[in-house]
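Residue -5 is where the sequence shown starts when you use our numbering, and the numbers rise one by one after that.
Even for Gly, the Cβ is constructed at its ideal location relative to N, Cα and C.
All remarks here apply to the structure that follows.
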Amino acid sequence: MQTRQRIGPRRLDRSRVGSGRPRPRLRADYGIPQARRLVLFAALHGEVKMPAKTHSKVDYPSVADAVSELRPLAAGETDPNDPLHCTYNLGDLNSARAKSALPGGTWADWPQELRLARHNKASGSRYGSVYGRMDPKAPAPTMRTQFFNIGTGRFVHPTQHRGPSLREGALLQTFPVDYQFVRPGEEISFRRQGRQIGNAVPPVLGQSSVGPF
């Protein structure tokens, strides 16, 4: 009767493993119009090289580069020709906050009556980017799963008084302008499609990363 050989845990041969601290790079280094830093990890045999940068500070893609060709919308409006180009509705107070937001600014630019109670506390400085307006000439902040909501970060549209549409968020994640996230006739959900877009690996980053490996 044949018996199976039990194999115990092996020690990691560190002489074959690269060392050193990871070196974060900006997503904008790879043509993604976001200022988020990233670290790539790879476990492969042989030498591993970081993907070569495709952009530098002089030609980082900006928010305007990504979204300026889309139809202007008001808060709560949908483009009749593109159901994904839809925007989250705003109440009167948040609408006033959006109108008072300056590109790259903070809530400190608002008049006192628009500020939240936490802004008047010493800890309020920690919320500097919330309700801020994106700078059209710079990369966007990190596209999170609730990027469409101006109360979750610096997500006021650079020139319009609202948050990004789902389509604009997808463009800032480098999806093609005609990419469909739902089947024909399926209802679009801010929460569901926001997660799809915000949690996605930007296609351009995937293309840049796979090549060297």
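Can you give me the C-alpha to C-alpha distance between Asn83 and Ala69, rounded to a whole angstrom? So the two alpha carbons sit approximately 5 Å from each other.
I need the boundaries of the beta strand (DSSP E) containing Leu78, first residue and last residue. Taken as a continuous stretch (DSSP letters only), the beta strand (DSSP E) holding Leu78 covers 76 to 80.
For Thr168, which residues of its own chain have a beta-carbon under 6 Å away from its beta-carbon, when the five flanking residues on both sides are left out? The beta carbon of Thr168 lies closer than 6 Å to those of Ile26, Pro196, Pro197, Val198 in the same chain, with the five residues before and after it left out.
Runs of alpha helix (DSSP H) wholly within the stretch 56 to 144 (minimum 4 residues, chain order): The qualifying runs are 57 to 61, 86 to 94.
Is Gln28 helix, strand or coil when you go by DSSP? Gln28: strand per DSSP, three-state reduction.
Are the stretch 46 to 61 and the stretch 122 to 141 touching by the rule of at least three beta carbon pairs closer than 8 Å? Using a Cβ-Cβ distance cut-off of 8 Å, the stretch 46 to 61 and the stretch 122 to 141 are in contact, since at least three pairs of beta carbons, one from each stretch, lie closer than that value.
Pick out whichever of Gly145, Ser159, Leu160 has its Cα sitting closest to the Cα of Gly85. Nearest neighbour of Gly85 by Cα position, chosen from Gly145, Ser159, Leu160, turns out to be Gly145.
I need the boundaries of the alpha helix (DSSP H) containing Phe184, first residue and last residue. Per DSSP, the continuous alpha helix (DSSP H) segment holding Phe184 begins and ends at 184 to 193.
Throw me the rounded Cβ distance for the Pro158 and Pro130 pair, which I believe falls under 8 Å. With 8 Å as the limit, Pro158 and Pro130 do not qualify as a contact, their Cβ atoms being about 12 Å apart.
Report buried or exposed for Asp23, applying the criterion of at least 16 other Cβ atoms within 10 angstroms of its Cβ. Asp23 should be labelled buried.
When you compare only the Cα positions, how much space is there between Tyr173 and Leu110? C-alpha separation (whole angstroms): 38 Å.
Residues bridged to Val150 by DSSP? Bridge partners of Val150: Arg127.
As assigned by DSSP and simplified to three states, the class of Ser159: Three-state result, Ser159: coil.
Measure from the alpha carbon of Arg156 to the alpha carbon of each residue in Gln187, Ser89, Arg148, then state which is nearest. Of the candidates Gln187, Ser89, Arg148, the residue whose Cα lies closest to the Cα of Arg156 is Ser89.
How is Val176 classed by DSSP in three states: helix, strand or coil? It is coil, neither helix nor strand.
Roughly how many whole angstroms lie between the Cα atoms of Ala92 and Tyr54? So the alpha carbons of these two residues sit roughly 26 Å apart.
Three-state secondary structure assigned by DSSP to Pro170: The three-state secondary structure of Pro170, taken from DSSP, is coil.
Contact defined as beta carbons within less than 8 Å: I believe Ser123 pairs with Gly147. What is the distance between those atoms, to the nearest angstrom? That pair is a contact at about 6 Å.
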